[in-house]
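*Asks:*
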């Protein structure tokens, strides 16, 4: 090893690109700890580390170190020896906020540290396929919270300028989960007379029905079904599908054919989806995660979707980024060919 050369020569690339990623992972872990001990719930009023440690039941000195880190990360404010919620935390960590995202953040942190042996999965020594689309209670709550972080608002603004609302009366929300986008469509297009949220029976029972009852719009109904094979109805003016097509192309084409039959002539198909883009770290990360759970290709490019839509009787209209901070996806608008 040439020590003299190393002392006098910088690496050709900045190591910070790696260290920043590792530091972010470390900070995410610390945030996970804060959520686990419900720290933010104890800070509805300013509090000292000593008072907090007594209420939570953990070491004062260590808790103060954690609070100092969260203060440096702008999640807490500090005035003398008292900590309080920052504006960011009031927005996303307070139960009183309409943008509260505690379940979404917990679920995202769990996904980032899945607690599985990825090396064994790569060697196919560990089967993780049954967990690909399996959610626990926090996960279902996260699916409801996620769109409100900006995705649903930006998507509705986009659709309100690209769709002719006067033509939309009957809507199918395909794979609609908790019904977030159905509620948003009902608010955005007041002329809609009926919306059907179609998803698996287990999802409808555990998530959809409760959310729709809470929302209380009689225009929105749930339909338990496996839309890959079951009847999805007919007479729709719009079929909306948000992140519902992570599957092999033959399955997608089969569903697109059935969607085409379900739409009125000239009806809209809107697909909100993450498309495979090998220059995108987010897209390739999702593609890798899916590969751990399945040996089939389940993420496809926008060009592949354009080809599939053309093949199944649709006319491509447009594609645009949603700037969704959670999914970072895009929206395709297509029309059923007359």
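In my numbering, the protein residues as written are 1 to 338. Think of the CB as a built atom: it goes at the ideal place given N, C-alpha and C, for glycine as much as any other residue. These numbers come from a predicted model, not from an experiment.
Below 8 Å, how does it come out for the region 169-186 and the region 229-243: are there three or more Cβ pairs, yes or no?
*Replies:* Touching, per the Cβ criterion.
*Asks:* Touch check for the region 248-261 and the region 272-283: three-plus C-beta pairs under 8 Å?
*Replies:* Touching, no.
*Asks:* Could you spell out where the beta strand (DSSP E) holding residue 315 opens and where it closes?
*Replies:* Note, residue 315: beta strand (DSSP E), 314-321.
*Asks:* Pick from 294, 155, 41, 144: whose alpha carbon is nearest that of residue 214?
*Replies:* Comparing Cα positions, the closest option is 144.
*Asks:* With a cut-off of 8 Å on the beta carbons, I'd call residue 154 and residue 322 a contact; round off their distance for me.
*Replies:* Correct: roughly 5 Å between the Cβ atoms.
*Asks:* Going by DSSP, which residues form a beta bridge with residue 224?
*Replies:* DSSP output for residue 224 lists 199 as bridge partner(s).
*Asks:* According to DSSP, residue 268 sits in a beta bridge with which residue or residues?
*Replies:* DSSP output for residue 268 lists 238, 335 as bridge partner(s).
*Asks:* Using 8 Å as the threshold, is the region 325-334 in touch with the region 263-272, meaning 3 or more CB pairs across them?
*Replies:* Yes, since at least three Cβ pairs between the region 325-334 and the region 263-272 fall closer than 8 Å, the two stretches touch.
*Asks:* Would you verify that the beta carbon of residue 30 is, or is not, closer than 8 Å to some beta carbon of chain C?
*Replies:* Looking for chain C here will not work: only one protein chain is present.
*Asks:* Residue 185 bridges to which residues according to DSSP?
*Replies:* According to DSSP, which records beta bridges pairwise, residue 185 is partnered with nothing at all.
*Asks:* Do residue 34 and residue 85 have their C-beta atoms within less than 8 Å of each other?
*Replies:* Cβ distance not < 8 Å, so residue 34 and residue 85 don't count as in contact.
*Asks:* May I ask you to list the residues that DSSP assigns as paired with residue 194?
*Replies:* Paired residue(s): 170.
*Asks:* Check this for me: beta carbons of residue 216 and residue 262, under 8 Å apart or not?
*Replies:* Not in contact: residue 216 and residue 262 (Cβ atoms no closer than 8 Å).
*Asks:* Which partner residues does residue 48 have in the DSSP bridge list?
*Replies:* In the DSSP output, where bridge partners are listed per residue, residue 48 has 82.
*Asks:* In whole angstroms, what separates the C-alpha of residue 14 from that of residue 21?
*Replies:* Roughly 13 Å separates the two Cα atoms.
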